[in-house]
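For the sequence shown, the UniProt record's numbering assigns the number 1 to the initial residue and increments by one for each residue that follows.
Worksheet: the structure to be examined is printed underneath.
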Amino acid sequence: MSFLALAAISKSFGPNQVVKDFNLSVGKGEFVSFLGPSGCGKTTVLRMVAGFETPSAGTIRIDGQDVTRLPANKRRIGMVFQAYALFPNMSVSQNVAFGLKVAGADRATISRRVGEMLELIKLDHLGERFPYQLSGGQQQRVALARALAPKPNLLLLDEPLSALDAQIRVSLRDDIRAIQRELGITTIFVTHDQEEALSISDRVVVMHQGRADQLGTPAEIYNRPATRFVANFVGKLNTFEARIADADEGQLNFAGKDFTAPTPLRGLRSGDPITVALRPEALALHRRHDDEASLQGKVLDFNFLGSVIRAKVEVDGRPICLDMFNQSGFTMPPVGTATELYFSRSDLLVLPE
1 MSFLALAAIS KSFGPNQVVK DFNLSVGKGE FVSFLGPSGC GKTTVLRMVA
51 GFETPSAGTI RIDGQDVTRL PANKRRIGMV FQAYALFPNM SVSQNVAFGL
101 KVAGADRATI SRRVGEMLEL IKLDHLGERF PYQLSGGQQQ RVALARALAP
151 KPNLLLLDEP LSALDAQIRV SLRDDIRAIQ RELGITTIFV THDQEEALSI
201 SDRVVVMHQG RADQLGTPAE IYNRPATRFV ANFVGKLNTF EARIADADEG
251 QLNFAGKDFT APTPLRGLRS GDPITVALRP EALALHRRHD DEASLQGKVL
301 DFNFLGSVIR AKVEVDGRPI CLDMFNQSGF TMPPVGTATE LYFSRSDLLV
351 LPE
């Protein structure tokens, strides 16, 4: 049974419909990310769950209760914002205690819970400091502790890491996931960063123009994109314009060669144009044991990225990328060298129109 259920949610601001027929079921203790570009509706959905916006249509249920019209302060939700939103005139401990005081908790309960939260976020030695005396990462930890202190049923995080530098962002996202697992709290995380969403989520909702284009595990989203938008938005992609050579036999043609599609070409006819794609890491300069297909190309360039080497190869008159692990002893072919790019047929993506 789902803990959070959104059924046919829509939201309009005047004539502008920003969320369209959005459906989602989240299990208790699950970590789900909303991923998409700015303006796709992900924050609006989050605000409707929080009670800050009222849906134009549809229903929201939390733990079986219809909360569609319930005020935000009655929903037992913890919220963490991008801009921290800490009270500057309160110490760290006072900020964490705020929600408990509003709820009418007694002094002993507040003191105990604040201590637990500060220990959880590893800032128990900074309880008397004020927000301006903390780093951005520390301030966001305090905001997280404040949201969790009243023991909410649901934790909502609206781009909580986007204001932080890259190294702190990686560290804090891992901490958020570890805390979420430890507490077992159902969590919705909004981000435009695909690496964040894929690295810490149980499932990811990829949103586009107010709709959920695809819902799945990180591996499903990346390896088997359901729409052209998802394929292009999540990860890097090499695309090829192709045509169906034989629809019944699953044969398609691109880059001057015939290939067998990895899945049946339902709804397509011989001669139809189509787009196919390959992830950079699906390609290799040397044949691997499961590679049964290849493309001819010419080496254009190499970029050394530390653990990964990214090669640019011209195939059928256009540049494509392939990624390979940096291994000792690997010798890069000289620029201009003719080469073969190998791949497995199962890695070939046939993108829906």
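Note that CB positions come from ideal geometry on N, CA and C, so glycine has one too.
For a test of the three-state rule: what should DSSP assign to residue i, helix, strand or coil?
{"i": "Pro218", "result": "helix"}
{"i": "Ile185", "result": "coil"}
{"i": "Met324", "result": "strand"}
{"i": "Gly127", "result": "coil"}
{"i": "Asp202", "result": "coil"}
{"i": "Ala245", "result": "strand"}
{"i": "residue 392", "result": "Look at the range of the chain in this structure, 1 to 353, and you will see that residue 392 is not part of it."}
{"i": "Val234", "result": "coil"}
{"i": "Gln209", "result": "coil"}
{"i": "Asn95", "result": "helix"}
{"i": "Ile9", "result": "strand"}
{"i": "Phe229", "result": "helix"}
{"i": "Asp21", "result": "strand"}
{"i": "residue 415", "result": "The chain is shown from 1 up to 353; residue 415 falls before or after that span and cannot be answered."}
{"i": "Thr263", "result": "coil"}
{"i": "Asp158", "result": "strand"}
{"i": "Asp347", "result": "helix"}
{"i": "Gly115", "result": "helix"}
{"i": "Ser33", "result": "strand"}
{"i": "Gly27", "result": "strand"}
{"i": "Leu46", "result": "helix"}
{"i": "Ser2", "result": "strand"}
{"i": "Asp258", "result": "strand"}
{"i": "Leu120", "result": "helix"}
{"i": "Ser341", "result": "First, the amino acid is wrong: residue 341 is Leu here, not Ser. Three-state DSSP puts Leu341 in a strand."}
For residue i, which residues of its own chain have a beta-carbon under 6 Å away from its beta-carbon, when the five flanking residues on both sides are left out?
{"i": "Gly210", "result": "Val18, Val19, Lys20 and Gly41"}
{"i": "Thr187", "result": "Phe31, Leu155 and Gln180"}
{"i": "Pro88", "result": "Pro131"}
{"i": "Ser162", "result": "Gln82"}
{"i": "Val205", "result": "Phe34, Ala212 and Leu215"}
{"i": "Phe189", "result": "Ser33 and Leu157"}
Pick out whichever of the options has its Cα sitting closest to the Cα of residue i.
{"i": "Phe304", "options": "Leu278, Thr331, Gln140 and Gln251", "result": "Thr331"}
{"i": "Gly99", "options": "Glu53, Phe87, Ala108 and Arg146", "result": "Arg146"}
{"i": "Thr59", "options": "Glu159, Ile9 and Asp174", "result": "Ile9"}
{"i": "Ala231", "options": "Val26, Leu4, Gly14 and Gly36", "result": "Gly36"}
{"i": "Pro15", "options": "Ser56, Pro334, Ser2 and Leu285", "result": "Ser56"}
{"i": "Phe343", "options": "Cys321, Thr337 and Leu278", "result": "Leu278"}
{"i": "Ile185", "options": "Pro225, Leu157, His208 and Gln139", "result": "Leu157"}
{"i": "Ser171", "options": "Pro152, Ala149 and Gln140", "result": "Gln140"}
{"i": "Leu6", "options": "Lys101, Ala212 and Pro352", "result": "Ala212"}
{"i": "Gly235", "options": "Glu281, Leu268 and Gln214", "result": "Glu281"}
{"i": "Asp316", "options": "Ala255, Glu182 and Met207", "result": "Ala255"}
{"i": "Glu182", "options": "Ser135, Ile62, Ala226 and Gly29", "result": "Gly29"}
{"i": "Glu249", "options": "Thr263, Asp175 and Leu237", "result": "Thr263"}
{"i": "Leu265", "options": "Pro225, Pro352, Val313 and Gly306", "result": "Pro352"}
{"i": "Gln65", "options": "Ser12, Leu4 and Ala97", "result": "Leu4"}
{"i": "Leu285", "options": "Ala311, Glu159 and Ile62", "result": "Ala311"}
{"i": "Pro71", "options": "Leu86, Ile62 and Ala50", "result": "Ala50"}
{"i": "Ser307", "options": "Pro334, Asp323 and Leu215", "result": "Asp323"}
{"i": "Pro150", "options": "Gln167, Ala97 and Leu126", "result": "Ala97"}
{"i": "Phe325", "options": "Pro334, Arg318, Ile309 and Pro333", "result": "Ile309"}
{"i": "Ser12", "options": "Thr54, Asn23 and Phe34", "result": "Thr54"}
{"i": "Pro333", "options": "Val313, Leu349 and Pro319", "result": "Val313"}
{"i": "Leu126", "options": "Met90, Asp106 and Arg107", "result": "Met90"}
{"i": "Pro225", "options": "Gly329, Arg129 and Met207", "result": "Met207"}
{"i": "Gly136", "options": "Ile320, Gly39, Arg169 and Gln251", "result": "Arg169"}
{"i": "Asn223", "options": "Leu348, Ile62 and Asn23", "result": "Leu348"}
{"i": "Ser25", "options": "Asp63, Val80 and Gly39", "result": "Asp63"}
{"i": "Arg177", "options": "Asp202, Asp165 and Ala166", "result": "Asp202"}
{"i": "Pro319", "options": "Leu237, Gly39, Asp165 and Val92", "result": "Leu237"}
{"i": "Ser2", "options": "Arg61, Phe22, Gly39 and Ser38", "result": "Arg61"}
{"i": "Ser93", "options": "Thr260, Gly27, Leu148 and Asp124", "result": "Asp124"}
If we define contact as Cβ-Cβ less than 8 Å, is residue i a contact residue for chain B?
{"i": "Leu172", "result": "No chain B appears in this structure, which consists of one protein chain only."}
Ordered along the chain, which non-local residues of its own chain (more than five positions away) have a Cβ less than 7 Å from that of residue i?
{"i": "Thr239", "result": "Thr275 and Ala277"}
{"i": "Lys122", "result": "none"}
{"i": "Ser346", "result": "Pro262"}
{"i": "Leu86", "result": "Asn95, Pro131, Gln139, Val142 and Ala143"}
{"i": "Phe52", "result": "Ala72"}
Quick one: what's got a C-beta closer than 8 Å to residue i's C-beta in the same chain, skipping five residues either side?
{"i": "Leu268", "result": "Ile244, Ala247 and Ile274"}
{"i": "Arg173", "result": "Leu161, Glu196, Ser199 and Ile200"}
{"i": "Pro152", "result": "Arg76, Ile77, Gly78 and Ile185"}
{"i": "Thr109", "result": "Leu100"}
{"i": "Ser294", "result": "Arg287, Glu340, Leu341, Tyr342 and Phe343"}
{"i": "Arg228", "result": "Thr275, Leu351, Pro352 and Glu353"}
{"i": "Leu164", "result": "Gly136, Gly137, Gln140 and Leu172"}
{"i": "Arg69", "result": "Thr54"}
Q: Could I get the ranges of all uninterrupted beta strand (DSSP E) runs contained in the stretch 55-85, with 3 residues as the minimum, in chain order?
A: 57-62 and 77-80
Q | Given 8 Å, three or more beta-carbon pairs between the stretch 189-201 and the stretch 110-118 | A | no
Q.
Whether or not the stretch 332-352 and the stretch 299-318 are in contact is what I'm after, with contact meaning three or more pairs of Cβ atoms, one per stretch, closer than 8 Å; do they touch?
A. yes
**Q.** contact_flag[the stretch 288-297, the stretch 261-274] where n(CB pairs < 8 Å) is 3 or more
**A.** no
Q) At which residue ranges does the stretch 273-339 contain complete beta strand (DSSP E) runs of 3 or more residues, listed in the order of the chain? A) 273-278, 293-304, 308-315 and 318-325
(Q) If contact is defined by three or more beta carbon pairs under 8 Å, each pair taking one atom from either stretch, is the stretch 43-50 in contact with the stretch 93-107? (A) no
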